[in-house]
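Asks:
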């Protein structure tokens, strides 16, 4: 079991409020990603759950028990750090087994568990090596091995893939997701990479300036962003925001349209006319950055190849069913 | 082509390194050679490099005139004692500054370093008078005390930088793994800090061994270490180059050997933290 609940959790360092009251319900076995720009408090929130920082106010419940005063090791969670944080003087075996050794398990039981964890992560040939003799991906797997071997109630991942190169990151992303599903253990994963968030999460928590902006499934966030921040943060390239006449006509202060929901018309008069400033041809997609005069720069995405080039005049027509409306305060207008 | 250019560059830089090494080592080599010459040959012009009358008479004279072992023992006690006490004070100090710094930590560190900026001779008279009053002149305890205080800032600084290199994440990982403070110390921190501790110890030992200002001024015979032993050969009757060289060679031999054998440890300590 690993149900984690936050109730009015606050954290302040001196006069600076990092977390301004977080309420969250994380179901047992789910994969939750904390995402947000740097400095939004996502890592702090994770460290509060881990017990590496003390909460200023509020309660953290693990399986219904308030753990605010419980030391990190007794919370039954294990953590994978951004820097891997392997013990440099211990072998892979020593690293993975350290937590079990601290828990006072018998030597052969530790060995059995370490070997099982190593087998899951394809680390068996490296058990007697030191961390410095491993590649980045292997070190990361050792860090994960150290987390799974203790059979915790929950995994806490603090940007674990950000030190890996792009190709390895995609591969590890898939491995972590598969491992979590296979073990069925609750996982909280911090990242600033929205692609990681969208692809790995059952549910995403979008954080901004110490506040939870929205909590929902990846597609909920994509289709029904609660406010301008979430709308702008989720999705790549970014959602286009338009204010003024076009927004007012639709009864909103700001309207947002994702690049993939803009229809590109070569010389149509309808929609929003403009001149292509930059055209990016990826083969699979074409991205157009269009200077739409008073509306500013708009981004449009076309699936497949579109032979348009910088300087061409186009007209962008938003899909009426896919227009997001926001009020003065930046909150979504529903209905 | 490219490979040839690289080989040549390697050859040139190797030769350069050897030359620089030789230049640095030359005074020591010259001293060792001079210690085997007669007094006359020692300052002959042109100097003879290898083809002179090799003799051990200087060493015999030196041992006869002054008790080498007595001074060597003093050096060991003073250098070793001051280093150990400095480490005992510096480890917890550096530890707390590295792992739980406060607003004032930086200031304290700078203040410590600032004490090294003052020339020691500036406080020679007061220190001398204090030593005289409390009866510490020409005593090993007095020298241990003064050298320990003198090197403490450097020891704390070195240890502080080593401890700072230990990533916090690793300590937190150990906490997540259920290590208590005591076990964290034994299983994680100490093994990681050992190279830094070792190189600090060695460097401080060398500094204390070679320290001449305080030892020359505060001791005469009873507590006099090897520095005083060397200085005694620069006498009013004139400079005895060969005997002075023999005395110096004897004085630096132990620390040279120690440095030679701990080279690996020293280098490892100095590059500690380079591995990520």
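Chains as they are written, first to last, in UniProt numbering: chain A, 1 to 335; chain B, 1 to 276. Ideal placement from N, C-alpha and C gives every residue a C-beta, glycine not left out. Note that this is a predicted model, so its numbers are computed, not measured.
(1) How would you write the range of the beta strand (DSSP E) that residue 77 (chain A) sits in, first residue to last?
(2) Could you name the residues of the same chain whose beta carbon sits closer than 6 Å to that of residue 220 (chain B), not counting the 5 residues immediately before and after it, in chain order?
(3) May I ask which residues mark the beginning and end of the alpha helix (DSSP H) holding residue 227 (chain B)?
(4) Beta carbons nearer than 7 Å to chain B: which residues of the stretch 161 to 180 of chain A have them?
(5) Return helix, strand or coil for residue 197 (chain A), following the three-state DSSP convention.
(6) Could you tell me which whole alpha helix (DSSP H) segments of length 4 or greater appear in the stretch 37 to 124 of chain A?
(7) From residue 56 (chain A) to residue 41 (chain A), what does the alpha carbon distance come to, in whole angstroms?
(8) Within this structure, are the beta carbons of residue 149 (chain A) and residue 114 (chain A) separated by less than 8 Å?
(9) Go ahead and pull the three-state DSSP assignment for residue 276 (chain B).
(10) On the three-pair Cβ rule with 8 Å, is the stretch 30 to 40 of chain A touching the stretch 191 to 208 of chain A?
(11) Could you compute how far the alpha carbon of residue 151 (chain B) sits from the alpha carbon of residue 141 (chain B)?
(12) Give the straight-line distance between the Cα atoms of residue 144 (chain A) and residue 80 (chain A), rounded to the nearest whole angstrom.
(13) Have a look at residue 248 (chain A) and residue 74 (chain A) and give me their C-alpha separation to the nearest angstrom.
(14) Since residue 297 (chain A) sits in a beta bridge, which residues does DSSP pair it with?
(15) For the candidate residues A:83, A:200, A:230 and A:313, whose alpha-carbon lies nearest to that of residue 270 (chain A)?
(16) Under 8 Å between the Cβ atoms of residue 156 (chain A) and residue 46 (chain A)?
(17) Would you report the Cα separation of residue 154 (chain B) and residue 89 (chain B), rounded to the nearest angstrom?
(18) Compute the Euclidean distance between the alpha carbons of residue 251 (chain A) and residue 78 (chain A), then round it to the nearest angstrom.
(19) Looking at the strands, I want to know which residues DSSP matches up with residue 275 (chain A).
(20) Just the chain B side, please: which residues come within less than 8 Å of residue 89 (chain A) by C-beta, in chain order?
(21) Please tell me whether residue 89 (chain A) and residue 191 (chain B) are closer than 8 Å, where the distance is taken between their beta carbons.
(22) Express the C-alpha separation of residue 197 (chain B) and residue 206 (chain B) in angstroms, rounding to a whole number.
(23) Just the C-alpha distance for residue 7 (chain A) and residue 256 (chain A), rounded to the nearest angstrom, thanks.
(24) With distance defined between alpha-carbon atoms, name the residue in B:218, B:246, B:6 and B:225 nearest to residue 133 (chain B).
(25) Helix, strand or coil for residue 141 (chain B)? Go by DSSP, reduced to three states.
(26) Check whether chain A comes within 8 Å of residue 44 (chain B), counting only Cβ atoms and requiring the distance to be less than that.
(27) Between which two residues does the alpha helix (DSSP H) harbouring residue 289 (chain B) extend?
(28) For residue 230 (chain A), which residues from the same chain have a beta carbon less than 7 Å from its beta carbon, with the 5 sequence-adjacent residues on both sides left out?
(29) Closer than 8 Å, CB to CB, is residue 165 (chain B) near chain A or not?
(30) Does any C-beta atom of chain A lie closer than 8 Å to the C-beta of residue 181 (chain B)?
(31) Three or more beta-carbon pairs under 8 Å between the stretch 296 to 304 of chain A and the stretch 271 to 286 of chain A, yes or no?
(32) Whole angstroms is fine: what's the gap from residue 114 (chain B)'s alpha carbon to residue 226 (chain B)'s?
(33) Against residue 259 (chain A), what residues of chain B qualify as contacts under a CB-to-CB distance less than 7 Å, listed in chain order?
(34) Determine contact between the stretch 157 to 176 of chain B and the stretch 86 to 105 of chain B, defined as no fewer than three beta-carbon pairs at a distance below 8 Å.
(35) Is residue 170 (chain B) closer than 8 Å to residue 85 (chain A) when the C-beta atoms are compared?
(36) With three or more C-beta pairs closer than 8 Å as the rule, is the stretch 240 to 247 of chain B touching the stretch 30 to 45 of chain B?
Replies: Reading from the atomic positions:
(1) 77 to 80
(2) 138
(3) First-last of the alpha helix (DSSP H) with residue 227 (chain B): 226 to 231.
(4) none
(5) helix
(6) 42 to 50, 92 to 102 and 107 to 120
(7) 14 Å
(8) yes
(9) Its pLDDT being 38, under 50, residue 276 (chain B) is placed unreliably in this model, and the coordinates cannot settle the point.
(10) Touching, yes, given that three or more Cβ pairs across the two stretches are closer than 8 Å.
(11) 15 Å
(12) 6 Å
(13) The alpha-carbon atoms of residue 248 (chain A) and residue 74 (chain A) are separated by roughly 55 Å.
(14) A:291
(15) Distances from the alpha-carbon of residue 270 (chain A) to those of A:83, A:200, A:230 and A:313 put A:313 closest.
(16) Using a Cβ distance threshold of 8 Å, residue 156 (chain A) and residue 46 (chain A) count as a contacting pair.
(17) Each residue's alpha carbon lies about 12 Å from the other.
(18) Computed Cα separation, rounded: 49 Å.
(19) A:291 and A:313
(20) Per Cβ cutoff of 8 Å: 191 and 192.
(21) yes
(22) Put simply, the backbone Cα of residue 206 (chain B) is about 14 Å away from that of residue 197 (chain B).
(23) 33 Å
(24) B:218
(25) helix
(26) no
(27) With chain B covering 1 to 276 only, the question about residue 289 (chain B) has no answer from this structure.
(28) 206, 213, 214 and 221
(29) no
(30) no
(31) The stretch 296 to 304 of chain A is in contact with the stretch 271 to 286 of chain A.
(32) Cα to Cα, residue 114 (chain B) sits roughly 29 Å from residue 226 (chain B).
(33) By Cβ distance, chain B contributes nothing, its closest Cβ being about 38 Å from residue 259 (chain A), past 7 Å.
(34) Here the stretch 157 to 176 of chain B makes contact with the stretch 86 to 105 of chain B; the two share three or more CB pairs at distances below 8 Å.
(35) yes
(36) A contact exists between the stretch 30 to 45 of chain B and the stretch 240 to 247 of chain B.
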